[in-house]
Amino acid sequence: MPAVTARRVRPDVGLASGLAGSVVRLSRRLRQERDTDLTATQLSALGSIRRLGPLTVGALAAHERVRPPSMTRTINCLAELGMVRRDPHPTDGRLVVVTVSAAGDVLLDTERRRRDAWLARRLRELSPADRDLLRRAAPLLERLTQS
C-alpha cells in the first residue's frame with residue numbers, strides 16, 4: 154500500500170513545484186509593472202486595509218501573517234508617506250485604527266490599473282480556451298492562499 158500512496162503523492166508534488174514556480178515568476182513580473190517606491194509589504198498592507206476596512210495594527214498583522222512590531226513599522230512608513238490615516242480606537246484608548254487615505258486610494262487604483270492592463274494584454278495572447286481555463290482556476294488559486 155505505501156507504494157500506491159507514493160505514486161498518488163508524486164504527481165501532486167510535481168504539480169506543486171510547477172505551480173509554485175509559475176506563481177513566483179508571475180508575481181515577480183507583476184511587481185516589475187509597479188511604478189511606486191512602496192515595498193511589496195507596504196502595498197500588500199495598504200491593499201488589505203482597503204479591502205478589509207479600518208482595522209487595528211494587530212488585526213492587520215494577523216491578516217498579513219507578520220509580527221505586530223513589523224506591521225507597526227510598515228504602518229509608520231505608510232503614515233509618513235500619507236498613504237494611511239491613524240485614528241483612535243473607539244473603545245480602547247491604547248489602540249489605533251488604520252484607514253487608507255485619499256492618497257493611498259489613488260496610489261492603489263493607479264497601481265491596479267497598471268498591473269491589470271499588463272495582465273490583460275498578456276491574456277489576450279492566449280486562446281479563448283486557455284483564458285477560460287484560467288478564469289476557472291482563479292478561485293482555486295485564491296482558495297490555496299487561505300490555508
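Its first residue numbered 154, the sequence shown is counted upward by one per residue in the working numbering. Here a beta-carbon is modelled for each residue, glycine too, at the ideal position from N, C-alpha and C.
query	result
Top-ranked residue by Cα proximity to L261, from I202, L179, R178, A169	I202
Exposed unless 16 or more other CB atoms sit within 10 angstroms - verdict on A107	With the chain running from 154 to 300 in the structure shown, residue 107 is simply not present.
Outcome for Q195 when other beta-carbon atoms lying within 10 angstroms are tallied against a minimum of 16	buried
A291 in three-state terms, based on DSSP	helix
Own chain partners of M154 with C-beta closer than 7 Å, once the 5 adjacent residues on each side are dropped	In this prediction, M154 has a pLDDT of 48, which is less than 50 and means its spatial position is unreliable; what the coordinates show is noted afterwards. Closer than 7 Å at the Cβ level, and outside the excluded window around M154, lies no residue.
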